[in-house]
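Sequential numbering from 3 applies to the sequence shown in my numbering.
By construction, the Cβ of each residue, glycine as well, lies at the ideal position given by its N, Cα and C atoms.
Bear in mind the structure is a predicted one, so any value in this text is a computation, not a measurement.
Everything on this sheet refers to the single structure shown next.
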Amino acid sequence: MSVKRSRILALGGYVPSNVVTNHDFKDKMGIDTSHEWILERTGIEERRWAGPDDSGALMGATAAREALDKAGLEPSDLDMIVYATLSPDQNFPGTGVFVGRELGIPGVPCLDIRQQCTGFIYGLSIADNFIRAGQYETILVIGSEIHSTGLDRSTNGRDVTVIFGDGAGAAVVGVSDDPAHQILSSHLYADGSEAEILWTEKPGSKYHPRITAQDLEEGRHYPKMQGRRVFKHAVTRMPEAIKAGLAANGLTMDDIDMVIPHQANLRINEFMTQALKLPPNKVHNNIQRYGNTTAASIPLCMHEAVELGKIKPGDLVCLVAFGAGLTWGSVFLRY
Ligand code: COA
C-alpha cells in the first residue's frame, strides 16, 4: 500500500482591527522609545493588538473558516485540529477545544502544541504525518496568538513589547496524490540548553504558589529576552534548516520559488536572505504591518503571499522558523 501524501489545500488569516503604531508606545503608553529605533532595529512599523472581543480561539476560528471556505470544505469535513500557541486563552484546557466548539464540530480531536515561533512548522509536520500514517485525511492547523495582554507596557519591557503583535493564521491540510501539490518534507529541531534567553518564567506549576505579589512587582510574568543572543541563533539556525530541507529533497536554492520565514525581525530575515544569496523577491515579509505574531506569523505571511499572487499553484515554497525553546525547523512543499 502506498503512503498517502498531504498538501496545503487553502489558508486563512485574521488580525484584530486595533492598529498600534510605533509612535503609540511613546505617545499613548509613555514608553521611552521611538519610531526610528523600532523601525531601524526590527523593520516593524505597526502591529495589531487584540480588543476586548478578541480571543485566540475566535481569531483562530475566523482564520479557519476562511481557509475552509477557500478549500470548499465545511468544518464537519475536518478530522482533527492542531492548535499552536504560546499564549493560550486559559491555563487549561487547551484552546483547541474552544476552536472546535466555535466551529460546531463536537467529537473532532484537537491537539494543542507550543513550540512558540516554530509552532506552525511543527503543526504542519504533525498534520502531514497523521495523513501519511493514514489515520486522518483533513486536518486544520492553526497558529493564533494574543501577546498584547501579557506585555510589559513600561520602559522596562520596551525591547520585547515593541516587537509582538496579535493575530491568527490557519491552513487546511488534505490528502494529495499529485506530486505537483504536496508537502515534501519537514525538519524539526529543539535545544533547551539556552531556554531562558527567551521565556516567560511565571506563573508556573514548579513554583508554589505559582506566582506571588513580589513576582508581579518584579515583572516575572512578562516575557524576557536576550535579544542579541536570540538574533545570533536565528540567523544561524534558519539557514541550516533550509539547507537540511534542500539536501533531503535533492533540491538547490535556485529551485525555490518563495521562502516564507517566521516574522521575528525584518533584519534577521534580510540577513538570512543575503547569507543564502536568495533574490529578495523570493522572500515574502509582512512584519512591517503585523510585528511578530509567533505561531501565527508563517500562515499569515503565506496567506498574504498567496492572495497577492506571489505564490502560485505548484510553486516550491520553503517555510522556515526559529523561536523560543529554542526550537527551529523548515517545511518544503509544492503549493
Ligand atoms: N526603544 C529604544 N531603545 C531600546 C529599545 C526600544 N524599544 N529596546 C532596547 N533598547 C535599548 C537598550 O536598552 C539598549 O540600551 P543601552 O545601550 O543604553 O543599554 C540599546 O537599546 C541596545 O539594546 P540591544 O538589546 O543591544 O539592541 P539590539 O541592537 O540587539 O536590538 C532587538 C534589540 C530586540 C531589536 C534585537 O536584539 C533583536 O531583534 N533580537 C531578536 C529578537 C527576536 O527576534 N525575538 C523573537 C525571536 S522568535
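CB-CB under 6 Å to residue i, same chain, minus the five flanking residues each way: which ones, in chain order?
i, result
"glycine 167", "Arg49, Arg50, Tyr292, Gly293, Thr295"
"arginine 160", "Ile33, Thr35"
"glycine 229", "Asp161"
"glycine 176", "Leu11, Thr140"
"aspartate 1", "The structure shown has nothing for residue 1, since the chain only spans 3 to 337."
"alanine 65", "Gly14, Gly15, Tyr16, Ala170, Gly171, Ala172"
"alanine 192", "Gly327, Thr329"
"glutamate 306", "Asn288"
"tyrosine 224", "Asp154, Gly159"
"histidine 189", "Ala243, Ala246, Gly247, Gly331, Ser332"
"tyrosine 138", "Asp81, Met82, Phe132"
"arginine 231", "Ile199"
"aspartate 79", "Thr140"
"glutamine 184", "Arg7, Arg9, Ser178, Arg336"
"arginine 67", "none"
"aspartate 91", "Ser57, Gly58, Ala59, Thr97"
"aspartate 259", "Asp317, Leu318"
"valine 285", "Val261, Thr275"
Going along the chain, which residues of its own chain have a beta-carbon closer than 7 Å to the beta-carbon of residue i, five neighbours each way excluded?
i, result
"alanine 12", "Ala69, Lys72, Ala73, Val174"
"valine 21", "Glu48, Arg50"
"glycine 28", "One point to set straight first is that residue 28 is lysine, not glycine, in the sequence displayed. Thr35, Ser36, listed in sequence order."
"asparagine 158", "Gly221"
"alanine 236", "Ala266, Ile270, Phe324"
"proline 77", "Leu70, Leu105, Gly106, Ile107"
"alanine 129", "Ser8, Val84, Ile141, Val143, Val175"
"alanine 182", "Gly316, Arg336"
"serine 127", "Ser188, Leu190, Val333"
"arginine 116", "Leu88"
"glycine 206", "Arg212"
"methionine 31", "Arg155"
"alanine 63", "Val101, Glu104, Leu105"
Roughly how far, in whole angstroms, is the beta-carbon of residue i from the beta-carbon of residue j, given that I think they are within contact range, below 8 Å?
i, j, result
"isoleucine 2", "leucine 218", "An answer regarding residue 2 cannot be provided, because it is not within the stretch 3 to 337 covered by the chain."
"asparagine 283", "cysteine 303", "Actually they are not in contact, since the Cβ atoms of asparagine 283 and cysteine 303 sit about 15 Å apart, beyond 8 Å."
"alanine 297", "glutamine 118", "7 Å"
"leucine 310", "aspartate 257", "The Cβ separation is near 21 Å, so there is no contact."
"lysine 204", "isoleucine 213", "5 Å"
Report yes if the CB atom of residue i is closer than 8 Å to the CB atom of residue j, and no otherwise.
i, j, result
"phenylalanine 132", "isoleucine 123", "no"
"histidine 264", "isoleucine 313", "no"
"arginine 239", "phenylalanine 324", "yes"
"glycine 247", "serine 187", "yes"
"leucine 268", "threonine 44", "yes"
"phenylalanine 100", "alanine 59", "yes"
"valine 308", "leucine 280", "no"
"threonine 87", "serine 146", "yes"
"lysine 6", "glycine 109", "no"
"isoleucine 40", "glutamine 290", "no"
In chain order, what residues of the same chain have a beta carbon less than 8 Å from the beta carbon of residue i, not counting five sequence neighbours either side?
i, result
"proline 18", "Arg50, Trp51, Ala52, Gly53, Asp56, Met61, Asp168, Gly169"
"proline 241", "Met274, Ala277, Leu278"
"asparagine 251", "Leu186, Ser187, Phe334"
"alanine 197", "Ala326, Gly327, Leu328"
"phenylalanine 233", "Asn267, Arg269, Ile270"
"threonine 23", "His37, Glu47, Glu48"
"glycine 102", "Ile83, Pro108, Val110, Cys112"
"threonine 163", "Phe27, Ile33, Leu153, Asp154, Arg155"
"threonine 254", "Leu248"
Does the beta carbon of residue i fall short of 7 Å from some heavy atom of the ligand HEM?
i, result
"threonine 35", "Of the ligands this structure carries, namely the ligand COA, none is the ligand HEM."
(request) Report yes or no: do three or more beta-carbon pairs, one from the region 151 to 159 and one from the region 105 to 125, lie closer than 8 Å? (result) At 8 Å Cβ cutoff, the stretches do not touch.
(request) Could you tell me which uninterrupted alpha helix (DSSP H) segments, each at least 4 residues in length, are contained entirely in the region 187 to 257, listed from first to last along the chain? (result) Fully enclosed alpha helix (DSSP H) runs of 4 or longer: 215 to 220, 229 to 251.
(request) Any chance you could list the beta strand (DSSP E) runs of at least 3 consecutive residues sitting entirely within the region 81 to 140, in chain order? (result) Here the runs fully enclosed are 82 to 86, 112 to 115.
(message) At 4 residues or longer, what runs of the alpha helix (DSSP H) sit wholly inside the region 11 to 90?
(response) Whole alpha helix (DSSP H) segments, 4+ residues: 24 to 29, 37 to 44, 58 to 73.
(message) At 4 residues or longer, what runs of the alpha helix (DSSP H) sit wholly inside the region 267 to 316?
(response) Fully enclosed alpha helix (DSSP H) runs of 4 or longer: 268 to 277, 289 to 292, 299 to 309.
(request) List in chain order: all unbroken beta strand (DSSP E) runs of 3+ residues lying wholly within the region 151 to 185. (result) Unbroken beta strand (DSSP E) stretches of 3 residues or longer found wholly inside the region 151 to 185: 169 to 177, given in chain order.
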